[in-house]
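Structure record follows, encoded as structure tokens.
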Amino acid sequence: MLGDPTMYVATMVIPVPTEKMDAYRRWAERSARIFRDYGCIEIIEAEGDMVPRGRITDFWRAVDAREGETIVIAWQLWPSKAALAEAEERMHADAVLDSDDEIPFDASRLILGCFEPFSVMGRSQT
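Following this note's numbering, the numbering of the sequence shown begins with 211 at its first residue and continues without gaps.
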């Protein structure tokens, strides 16, 4: 399938201190409920269990991961780029992302990117 106007992908690569993985899971579950309420179709969070170190580049270098950290990837499927933009605006206006809870990772090393699909294979196909 070329393109999919009903899908927009936001993805992250996150170095999470291994000892904080349980806190991260709780933080991710709370965040997922919020994103769902604002229109997110699906969120997948995955903890790296085979993340090789490359000779030139790799996930570890990309996020300046350190000993004792676990690489986590996450992606969110949104109905469209406009839906994500509107949701972000509403979430900030509603202050639903504000929390006194500590973010269980160094957000300055998180990588975020948003993408328009050009090929889709899998459960979204009819």
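Ideal placement from N, C-alpha and C gives every residue a C-beta, glycine not left out.
Residue range of the unbroken alpha helix (DSSP H) whose run includes residue i
i	result
Ala317	That residue, Ala317, is in no alpha helix (DSSP H); it is neither H nor E in DSSP.
Glu296	Lys291 to Asp304
Phe269	Phe269 to Ala272
Beta strand (DSSP E) segment containing residue i, residue limits
i	result
Ile251	That residue, Ile251, is in no beta strand (DSSP E); it is neither H nor E in DSSP.
Closest by C-alpha distance to residue i, when choosing among the options
i	options	result
Arg263	Ile253, Ala256 and Arg276	Arg276
Met222	Phe245, Glu279 and Ala284	Ala284
Asp308	Asp259, Lys230 and Arg240	Arg240
Lys291	Pro227, Cys324, Ile244 and Asp316	Cys324
Cys250	Tyr218, Val273, Asp311 and Pro227	Tyr218
Ser318	Arg300, Met301 and Asp274	Asp274
Ala305	Gly258, Phe245 and Leu287	Phe245
Trp288	Ala272, Pro327 and Phe315	Pro327
Asp316	Met260, Gln286 and Val226	Val226
Where residue i falls, given that 16 or more other Cβ within 10 Å makes a residue buried
i	result
Leu294	buried
Leu322	exposed
Ala297	buried
Glu279	buried
Ile224	buried
Ala256	exposed
Ile266	exposed
Ile313	exposed
Ile254	exposed
Cut-off 7 Å between Cβ atoms - residues of its own chain near residue i, not counting five sequence neighbours on either side
i	result
Thr336	For Thr336, the pLDDT reaches just 48, beneath the cut-off of 50, and the residue's location in the model is therefore unreliable, although a value from the coordinates is still provided. So no residue of the chain qualifies.
Asp268	Pro262
Ala303	none
Tyr248	Ala297, Arg300 and Met301
Beta bridge counterpart(s) of residue i as assigned by DSSP
i	result
Val226	Thr280
Trp285	Thr221 and Ile254
Phe328	Phe328 pairs with nothing; no bridge assigned.
Residues of its chain near residue i, where Cβ-Cβ distance is below 6 Å and the 5 sequence neighbours each way are ignored
i	result
Glu252	Leu287
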